[in-house]
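**Student:** Please see the structure below; I have some questions.
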Amino acid sequence: MKATSARRWTQGLGLLFGLFGITGIGMTHVLFPGLHCYACPLAVTVCPIGLMQNLIVFGTPPFFWLGAILAYGLLAGRGFCGWFCPFGTLNDLLAFRRVRISKPFSYTKFAVLLATAAAAWYLADTVFCKLCPVASIEASIPYLLLGVAKVNRPFLVHMGTLGGTLVGMVLISRFWCRYLCPMGGLLALFNRVSLLHLDLDAARCAGCSACTARCPMGLEPHTEHDDHNCIKCGECVEGCHLGALSLRYGIRKRT
Amino acid sequence: MSRRGAVGGFAVILVASFALAALAQEPILTFSISPQPVIIAVGGRAEVRLAVENGSVREADDIEAAWIGSDDLAFAAEPEPIKLLNPFETGSIRMVLAASTEAGEGERAGRLEVIYTYCIGDVCYQIVEELDVNLLVEPADNPIVGDDEGTDVIVGETSAEPRLPWSWIGFGLVLAFVGAAIVFAARTGRKAVAVVALALLLAGALAYGVVRNQHEQAQAIGAVLCTSCVGIEEARASDDVRLSAEAIAALGILAEDVELTVFYAVWCHSCPFAEAMVERMAEASDRIEYTFVDVETAPELAERHGIIRSGRTVVPAITRAGTEEVLFGIEDLEDRLLRLLGVGE
Chain F
4 MKATSARRWT QGLGLLFGLF GITGIGMTHV LFPGLHCYAC PLAVTVCPIG
54 LMQNLIVFGT PPFFWLGAIL AYGLLAGRGF CGWFCPFGTL NDLLAFRRVR
104 ISKPFSYTKF AVLLATAAAA WYLADTVFCK LCPVASIEAS IPYLLLGVAK
154 VNRPFLVHMG TLGGTLVGMV LISRFWCRYL CPMGGLLALF NRVSLLHLDL
204 DAARCAGCSA CTARCPMGLE PHTEHDDHNC IKCGECVEGC HLGALSLRYG
254 IRKRT
Chain Y
6 MSRRGAVGGF AVILVASFAL AALAQEPILT FSISPQPVII AVGGRAEVRL
56 AVENGSVREA DDIEAAWIGS DDLAFAAEPE PIKLLNPFET GSIRMVLAAS
106 TEAGEGERAG RLEVIYTYCI GDVCYQIVEE LDVNLLVEPA DNPIVGDDEG
156 TDVIVGETSA EPRLPWSWIG FGLVLAFVGA AIVFAARTGR KAVAVVALAL
206 LLAGALAYGV VRNQHEQAQA IGAVLCTSCV GIEEARASDD VRLSAEAIAA
256 LGILAEDVEL TVFYAVWCHS CPFAEAMVER MAEASDRIEY TFVDVETAPE
306 LAERHGIIRS GRTVVPAITR AGTEEVLFGI EDLEDRLLRL LGVGE
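Note that the protein sequences, when read in sequence, are chains F and Y. For what it's worth, the working numbering labels the leading residue of the first sequence as 4, then goes sequentially. For what it's worth, the working numbering labels the leading residue of the second sequence as 6, then goes sequentially.
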């Protein structure tokens with residue numbers, strides 16, 4: 004099966020997993036390996052970024068959280084962004100313009116991650132959640148429909164951040180994943196050691212940049228296959244007619 | 006040592022450290038006794054102050070002191086325990102020690118036993134510590150030191166520098182190891198070593214987190230929707246609650262007895278506002294009775310009222326006995342409460 008087809012299935016699975024609350028099983032102990040609001044009425048998993056903020060507010064050294072992040076980082080790193088995260092899937096659906104990534108600006112997601120943690124520490128509040136476009140879709144709108152939320156200032160702030168993000172996603176493919184996602188920032192730290200990785204056979208690469216044209220993250224996979232921005236979606240693998248790129252699972256060969 | 010031996014040794018040390026840290030009942034309080042030495046006359050009394058500092062993020066409960074030194078010395082009265090010492094708070098127990106008329110003179114060593122408890126999730130620990138007290142027992146003609154009131158407790162009297170808890174130091178070390186493994190892999194390209202190290206760290210962190218009940222905490226955080234926490238509405242301080250003149254007038258014509266229940270969670274930012282609003286209304290009308298219920302302690306009740314549905318809790322929530330209606334959140338709460346009471350427009 005081609006990576007693109009397989010990815011559609013796993014992304015569907017991610018969405019299903021995110022909305023598994025429809026079965027009535029309630030919240031579990033599992034952290035979602037992506038950005039997915041636990042306030043969603045159908046959520047059964049805990050948002051890692053929301054939990055991180057809460058634990059900072061409570062002053063709990065987050066060992067369990069760290070263990071889960073390490074597990075996801077090792078298993079696939081940012082592969083979860085490309086293959087599982089429902090918000091990543093929405094980014095894909097709106098990926099009309101595959102422009103080149105701005106490398107300096109791509110570090111913003113780490114700044115967002117640090118700012119999220121710092122705000123939780125200094126303001127003792129889950130500030131990021133109040134701006135998060137995922138919460139806008141998965142909590143604000145459903146709770147408005149359920150009659151719990153009202154059209155008030157926090158709701159409008161949520162709609163503002165969601166609107167801005169959607170515009171960004173239309174103009175730049177995977178805009179949120181490239182530049183702003185704190186969960187993507189966390190997983191990016193493990194991209195070089197994760198078991199899911201993109202390999203380049205330099206002997207086969209003609210440098211034609213066919214892979215670049217396919218990359219939703221705006222990378223040049225034939226030169227940046229090890230980049231922290233790579234979501235390992237495999238689009239470039241299919242784009243390369245010479246078979247120079249491949250997605251592999253296991254401990255990467257020494258480079 | 007071979008590479009395999011080094012990795013194995015590292016793994017054993019790491020796992021053992023986590024296991025020890027997880028199983029240890031770590032003391033969370035630090036104590037100091039003043040004065041040292043305690044000067045006391047034969048047949049007299051002396052005041053002893055036990056300063057207690059909570060340098061952890063846990064609450065310490067029922068901090069009790071008992072004299073376990075020689076029989077010729079005892080407390081003039083049983084010291085009252087400190088019922089609760091919040092994280093990073095300091096407190097003190099003032100005790101009056103009495104020496105019998107047969108107490109031996111000179112430098113002596115006494116001992117004080119301090120017992121307290123703290124909980125992490127559903128797991129509670131009792132910590133017993135023994136403290137040395139240096140005594141100088143002087144002849145009987147020395148004046149009596151201390152008062153006749155016996156003992157009292159002063160909590161939060163000083164603001165000593167809080168100590169960074171060991172658990173945070175441990176977490177910092179684990180983070181440093183994680184960072185080192187990632188940098189090592191990036192610099193040397195030896196990813197297998199980094200993967201093994203990270204796998205060990207993740208196993209240790211997960212195991213330690215589970216022992217500390219952090220998985221339960223994660224579930225509890227995920228299951229409770231505090232309406233202000235995710236930006237469904239703005240949190241407001243309970244001090245902001247002011248009933249309007251119209252509301253007070255409307256409450257004055259309340260014709261029947263009403264029982265309200267406010268469901269809250271301890272970390273809910275909006276709940277104190279909801280509680281204060283109900284309190285103010287009850288002050289304005291004798292016909293309103295109210296109860297505050299922590300959803301975590303009464304999940305079945307909350308479930309019956311639809312405040313917990315499919316394992317998800319939404320707070321604050323207010324119910325009126327005898328009706329099915331539930332008010333969630335604090336948006337326009339005064340108007341909505343008046344309507345719930347049947348006196349609003």
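Glycine included, each C-beta is placed from N, C-alpha and C at the ideal position. Because the structure is a prediction, the values reported are computed rather than measured.
#1: Just the C-alpha distance for residue 69 of chain F and residue 207 of chain Y, rounded to the nearest angstrom, thanks.
#2: Does any C-beta atom of chain F lie closer than 8 Å to the C-beta of residue 149 of chain Y?
#3: Give me whichever residues DSSP pairs with residue 104 of chain Y in a beta bridge.
#4: Which residues bound the beta strand (DSSP E) around residue 85 of chain Y?
#5: With contact counted as at least three CB pairs below 8 Å, one residue from each stretch, are the region 57-65 of chain F and the region 206-219 of chain F in contact?
#6: By the 10 Å Cβ neighbour count, where 16 or more other Cβ atoms means buried, how is residue 125 of chain F classified, buried or exposed?
#7: Could you name the residues of chain F that residue 106 of chain Y contacts, counting a contact when the two beta carbons are closer than 8 Å?
#8: Would you mind sorting residue 296 of chain Y into buried or exposed? The rule is 16 or more other CB atoms within 10 Å of its CB.
#9: Say whether chain F places a C-beta atom closer than 8 Å to the C-beta of residue 336 of chain Y.
#10: Could you check how far apart the C-beta atoms of residue 231 of chain F and residue 248 of chain F are, in whole angstroms? I think they sit under 8 Å.
#11: Verify whether the separation of the beta carbon atoms of residue 90 of chain Y and residue 118 of chain Y is less than 8 Å.
#12: Going by CA-CA distance only, name the one from F:163, F:205, F:11 and F:27 that's closest to residue 84 of chain F.
#13: Assign residue 257 of chain Y to buried or exposed, taking buried as 16 or more other Cβ atoms, counted over all protein chains shown, within 10 Å of its Cβ.
#14: Could you tell me which of Y:254, Y:225 and Y:115 sits nearest to residue 54 of chain F, measuring between CA atoms?
#15: Taking all protein chains shown into account, do 16 or more other C-beta atoms lie within 10 angstroms of the C-beta of residue 204 of chain F, making it buried, or fewer, making it exposed?
#16: Would DSSP call residue 222 of chain F helix, strand or coil?
#17: Does DSSP put residue 329 of chain Y in a helix, a strand or coil?
#18: Rounded to the nearest angstrom, what separates residue 289 of chain Y and residue 259 of chain Y at their Cα positions?
#19: Which residues of chain F have a Cβ atom closer than 7 Å to the Cβ of residue 317 of chain Y, listed in chain order?
#20: Which residues does DSSP pair with residue 249 of chain F in a beta bridge?
#21: With distances taken from CA atoms, which of F:199, F:226 and F:139 is nearest residue 74 of chain F?
#22: How about residue 235 of chain F: is its C-beta nearer than 8 Å to some C-beta of chain Y?
#23: Output needed for residue 79 of chain F: all residues of its chain with C-beta closer than 6 Å, excluding positions within five of it in sequence on either side, in chain order.
#24: Below 7 Å on C-beta distance, what does residue 172 of chain Y contact in chain F?
#25: Within 10 angstroms of its Cβ, does residue 106 of chain Y collect 16 or more other Cβ (buried), or is it exposed?
#26: Can you confirm whether residue 95 of chain Y, when its beta carbon is compared against all beta carbons of chain F, has any partner nearer than 8 Å?
#27: Under 8 Å Cβ to Cβ from residue 29 of chain Y, same chain only, skipping five residues before and after it: list those, please.
#28: Can you give the Cα-Cα distance for residue 319 of chain Y and residue 66 of chain Y, rounded to whole angstroms?
#29: Which of helix, strand or coil does DSSP assign to residue 170 of chain F?
#30: Within the 8 Å Cβ cut-off, does residue 329 of chain Y reach chain F?
#31: Considering just the uninterrupted stretch of the alpha helix (DSSP H) at residue 8 of chain F, what are its terminal residues?
#32: Just the chain F side, please: which residues come within less than 9 Å of residue 266 of chain Y by C-beta, in chain order?
#33: Take residue 194 of chain F and list the residues in its own chain whose beta-carbon comes closer than 7 Å to its own, dropping the five residues that flank it on each side.
#34: What do you get for residue 5 of chain F, buried or exposed, if any count of 16 or more other CB atoms within 10 angstroms of its CB means buried?
#35: With a threshold of 16 other CB atoms inside 10 Å of the CB of residue 37 of chain Y, please say whether the residue is buried or exposed.
#36: Taking the CB atoms as reference points, tell me whether residue 32 of chain F and residue 210 of chain Y lie closer together than 8 Å.
**Tutor:** Taking the coordinates as given:
#1: 7 Å
#2: Here the model assigns residue 149 of chain Y a pLDDT of 46, short of 50, so the residue's position is not dependable, and the following value carries that caveat. For residue 149 of chain Y, the answer is no, since every Cβ of chain F falls outside 8 Å of its Cβ.
#3: Y:78
#4: Run containing residue 85 of chain Y: none; DSSP gives neither H nor E here.
#5: no
#6: exposed
#7: The contacting residues do not exist; residue 106 of chain Y stays about 51 Å from chain F at best.
#8: exposed
#9: yes
#10: Contact flag wrong, Cβ pair sits at about 17 Å.
#11: no
#12: F:11
#13: exposed
#14: Y:225
#15: exposed
#16: coil
#17: coil
#18: 10 Å
#19: 29, 30 and 44
#20: F:202
#21: F:199
#22: no
#23: 197 and 199
#24: 64
#25: exposed
#26: no
#27: With a pLDDT of 49 at residue 29 of chain Y, under the threshold of 50, the predicted position of this residue should be treated as unreliable, though the coordinate-derived value follows. The answer is none, since no qualifying residue turns up.
#28: 29 Å
#29: helix
#30: no
#31: 6-21
#32: Those do not exist, as residue 266 of chain Y stays about 18 Å from chain F at its closest Cβ, beyond 9 Å.
#33: 80, 81, 231 and 233
#34: exposed
#35: exposed
#36: no
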